[in-house]
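Counting with this note's numbering, you get residues 1 to 351 for the letters of the first sequence. One structure is given here, and the rest of the page talks about it.
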Amino acid sequence: MKFSTRLIKWYKNQNILMPWRGEKDLYKIWLSEVMLQQTQVKTVIPYYKNWINKFPNIKSAALASEKEILKAWEGLGYYSRARNFQHACKNIVSDYNGEIPLNEIEFLKLKGVGEYILSAVFSIGLGKKLPVIDGNVKRVISRYLGLTNEINSELKNIKSFLDIKIKDVKIPGDFNQAMMDLGRIVCKPKNPNCDICPININCVAFKQGLTQLIPIKLKKKQIPHYKMIIGIIQNNDKFLICKRNSDGLLGGMWELPGGKIKKQESNSTALNRVFSDFGISLKSNSYIGTANHIYSHFSIEQHGYQCDYIKGNLISKNHTEYKWISKGEEVLFPIHKASHKLLAKLKVNYT
DNA sequence: AATTCGTGGAG
DNA sequence: TCTCCAAGAAT
1 MKFSTRLIKW YKNQNILMPW RGEKDLYKIW LSEVMLQQTQ VKTVIPYYKN WINKFPNIKS
61 AALASEKEIL KAWEGLGYYS RARNFQHACK NIVSDYNGEI PLNEIEFLKL KGVGEYILSA
121 VFSIGLGKKL PVIDGNVKRV ISRYLGLTNE INSELKNIKS FLDIKIKDVK IPGDFNQAMM
181 DLGRIVCKPK NPNCDICPIN INCVAFKQGL TQLIPIKLKK KQIPHYKMII GIIQNNDKFL
241 ICKRNSDGLL GGMWELPGGK IKKQESNSTA LNRVFSDFGI SLKSNSYIGT ANHIYSHFSI
301 EQHGYQCDYI KGNLISKNHT EYKWISKGEE VLFPIHKASH KLLAKLKVNY T
């Protein structure tokens, strides 16, 4: 049997169910692929279902408020995906009469649509013979062909191999999803189950015992670590939350205000300095707790302090809106994980 | 071209 | 605890 025949036979036999499998609505296929970027299937499923309930089509997504969009994405990470997806939906409503462009060049112009999304949506939704290349596929093919250069310098070899293999496939979407399922379930990063792999016969890495070495990857740089003070600024029964700038890290998300602690600086000194720079004066404070959080390129250690507000309006170049809210109201706002960790400690200690 | 974008799970 | 990395794209 041929490579693709073995692969697709295995795929059909697995019959793995996902909410978007078998879906024909391009909008839903597209949404699933956006959510699945750098995110595991299991994580995406509840977010996908919730999103489809709230925004069942392009128009509803385009008409939603930014707050609703980010709230539906809260906790999923890489929030620019949500903002870009809505931007693209608005673009489709205004410039494409509400219909997703079926032309590759036009679809690629949409925000958040790259080579992967194009290939995934057009192969699964339209039957186009465009191979997808994601982390799974890179791993599977680099092992299958025994590619011993750094994985990202082998992309042309991987693509030319797939371009040939997908030509004689009847259902390109199945071929692509089979490749990704195989990488996720069998050809795993560690301890691949080569014994049950449908394409192990011609796999170079398997035959030569190289599955532990391939794919070859560069070592990641160490990420910096920062200490921060975070304020739960109390004013009567309310506390302050701030909306981050729409660009950059956690764009558009709400958070508890705070800032970095300088080296050799005490927590209380940092607390006074940061909020003095924000333009608000505080009095007595009490320690709430510490919450660590790891981002992709740095990590933080948040030291939370509950403070009593005296006067001043918070002005920060990092934020565009400020709001005093009562405890419990935070569920109405899209708030990032790091702030949620401290809010959880607030509940434990002060209810 | 290298960096910047979250969060959670696996081992 | 530590490291890797997941249906990548934008800058």
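The C-beta atom is built at its ideal place from N, Cα and C for all residues, glycine as well.
Of the residues Gly-173, Thr-148 and Asn-149, the one whose Cα lies closest to the Cα of Ile-133 is Gly-173.
With 16 or more other Cβ atoms from the protein chains shown falling within 10 Å of its own Cβ, Gly-259 counts as buried.
Under the three-state reduction of DSSP output, Lys-227 falls in the strand class. With a 10 Å radius around the Cβ and a threshold of 16 neighbouring Cβ atoms, Val-137 comes out buried. For Tyr-47, no beta strand (DSSP E) run applies; the uninterrupted alpha helix (DSSP H) run containing it begins and ends at 41-54, by DSSP. DSSP places Ala-64 in the coil class of the three-state scheme, outside both helix and strand. Short of 8 Å from the beta carbon of Leu-126, and not among the five residues preceding or following it, lie these beta carbons of its own chain, in chain order: Leu-26 and Leu-102. Following the DSSP letters along the chain, one finds Leu-118 inside the alpha helix (DSSP H) bounded by residues 115-126. Rounded to the nearest angstrom, the gap between the Cα atoms of Lys-220 and Asn-245 is 29 Å.
For Leu-108, the enclosing alpha helix (DSSP H) begins and ends at 104-109. Proximity to Lys-49 across Leu-31, Ser-60 and Glu-66 peaks at Leu-31, based on C-alpha coordinates. Using a 10 angstroms sphere on the CB of Ser-123, the tally of other CB atoms reaches 16 or more, which defines it as buried. Of the candidates Tyr-305, Glu-33, Gly-252 and Ser-339, the residue whose Cα lies closest to the Cα of Val-113 is Glu-33. Between Ile-315 and Trp-254, the CB-CB gap reaches or exceeds 9 Å. Taking 4 residues as the shortest admissible run, the region 157-205 contains the following complete alpha helix (DSSP H) segments, listed from N- to C-terminal end: 172-185. In the DSSP annotation of this structure, Lys-28 is not part of any beta strand (DSSP E); the continuous alpha helix (DSSP H) holding it starts and ends at 26-35. The C-alpha of Leu-346 is placed about 12 Å away from the C-alpha of Leu-256.
The three-state reading of DSSP puts Asp-277 in helix, counting H, G and I together.
By the C-beta criterion, the region 304-320 is judged to be in contact with the region 233-242, since at least 3 inter-stretch pairs fall below 8 Å.
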